[in-house]
Amino acid sequence: DAMVIQNPRYQVTQFGKPVTLSCSQTLNHNVMYWYQQKSSQAPKLLFHYYDKDFNNEADTPDNFQSRRPNTSFCFLDIRSPGLGDAAMYLCATSGRDFLAGYTFGSGTRLTVV
Amino acid sequence: AQTVTQSQPEMSVQEAETVTLSCTYDTSENNYYLFWYKQPPSRQMILVIRQEAYKQQNATENRFSVNFQKAAKSFSLKISDSQLGDTAMYFCAFMNMNRDDKIIFGKGTRLHILP
Chain E
1 DAMVIQNPRY QVTQFGKPVT LSCSQTLNHN VMYWYQQKSS QAPKLLFHYY
51 DKDFNNEADT PDNFQSRRPN TSFCFLDIRS PGLGDAAMYL CATSGRDFLA
101 GYTFGSGTRL TVV
Chain Z
1001 AQTVTQSQPE MSVQEAETVT LSCTYDTSEN NYYLFWYKQP PSRQMILVIR
1051 QEAYKQQNAT ENRFSVNFQK AAKSFSLKIS DSQLGDTAMY FCAFMNMNRD
1101 DKIIFGKGTR LHILP
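These protein sequences, in sequence, are chains E and Z. Quick note on numbering: our numbering labels position 95 of the first sequence as 95, and the sequence is numbered without any gaps. Plus 1000 on top of the position in the second sequence (first one is 1) and you've got our numbering.
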């Protein structure tokens, strides 16, 4: 089945140690998104790629970076994780029919120790 | 800027009952999409139902229906004959048709269906 896959499902990292979360898709969707979801809060968009065009949200900290080497893969890099970065990170994709909504991955829960 | 407000952080209903989840939004745009997403415990978020703002008719998907009141900027979700599998976090969401393709989510309502 076509899907969005996030690895790993759970990630524990040390305070200040760089960490990379990955997302892959078999849907051939041209848009990929990264959301940060903290408990009892709305998922917050960090950035998205429209094809190769990178779009950063104005309030996304510089500590967060992203790479999209090809259509299928997208990475979220956190350069120096702080305790406040502990959250669920959701990857989503969409095609050109925006009414279809997004297809989400299962998320990566990041713990910072 | 658009905002989405869900005023019910948590709800519980008995199995087979009908439950309505509230959502209001704020926008100055006229053309947009509205969505309800479901996020079961430890599982991925999935689309439940969607509504195009220019359509007056309320969307329906099996046991799920919406009450879309454009003038009041209200978009509630009704779940009929609720089932244990409906237990999840439900997010109301907004997307501007004309400007960009970013979905803005509300804080969610945690729904418990009790046996």
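For each residue, glycine too, the CB sits at the ideal point set by N, CA and C.
Whole-angstrom distance between residue j and residue i, CA atom to CA atom
i, j, result
"E/Leu21", "E/Gln11", "8 angstroms"
"Z/Leu1114", "E/Arg109", "27 angstroms"
"E/Val113", "E/Pro18", "13 angstroms"
"Z/Ser1080", "E/Lys44", "30 angstroms"
"Z/Ser1007", "E/Tyr89", "24 angstroms"
"E/Ala86", "E/Phe15", "10 angstroms"
Residue i versus the options, residue with shortest Cα-Cα distance
i, options, result
"Z/Gln1056", "Z/Ile1103, Z/Val1013, Z/Ser1042, Z/Val1066", "Z/Val1066"
"E/Thr103", "E/Cys23, E/Gly16, E/Thr60, E/Ser40", "E/Cys23"
"E/Gln36", "E/Asp51, E/Lys52, E/Asp59", "E/Asp59"
"Z/Gln1044", "E/His48, E/Glu57, E/Ala92, E/Leu99", "E/Ala92"
"Z/Leu1047", "Z/Met1089, Z/Tyr1054, Z/Lys1038", "Z/Lys1038"
"E/His48", "E/Lys38, E/Phe64, E/Ser40", "E/Phe64"
"Z/Glu1015", "Z/Gly1108, Z/Thr1087, Z/Ile1103, Z/Ile1104", "Z/Thr1087"
Short Cβ contact (7 angstroms threshold) for residue i with residue j
i, j, result
"E/Val4", "E/Gly105", "yes"
"Z/Thr1020", "Z/Lys1073", "no"
"E/Asn115", "E/Asp53", "Given a span of 1 to 113 for chain E in the structure shown, any question on residue 115 of chain E remains unanswerable."
"Z/Ser1076", "Z/Glu1017", "no"
"Z/Ile1049", "Z/Phe1064", "yes"
Limits of the unbroken beta strand (DSSP E) element including residue i
i, result
"Z/Gln1014", "1010 to 1014"
"Z/Lys1102", "Neither: Z/Lys1102 is in no beta strand (DSSP E) and is coded neither H nor E."
"E/Tyr10", "10 to 13"
"Z/Arg1110", "1109 to 1114"
"E/Thr108", "108 to 112"
"Z/Gln1069", "1064 to 1069"
"Z/Gln1051", "1046 to 1052"
"Z/Leu1077", "1074 to 1079"
"E/Gln6", "4 to 7"
Which runs of the beta strand (DSSP E) spanning at least 3 residues fall entirely within the stretch 21 to 101 of chain E, listed in chain order?
-> 31 to 37, 44 to 50, 53 to 56, 64 to 67, 73 to 78, 87 to 94
Length-filtered (3 minimum) beta strand (DSSP E) runs lying within the stretch 1014 to 1044 of chain Z | 1019 to 1021, 1024 to 1026, 1032 to 1039
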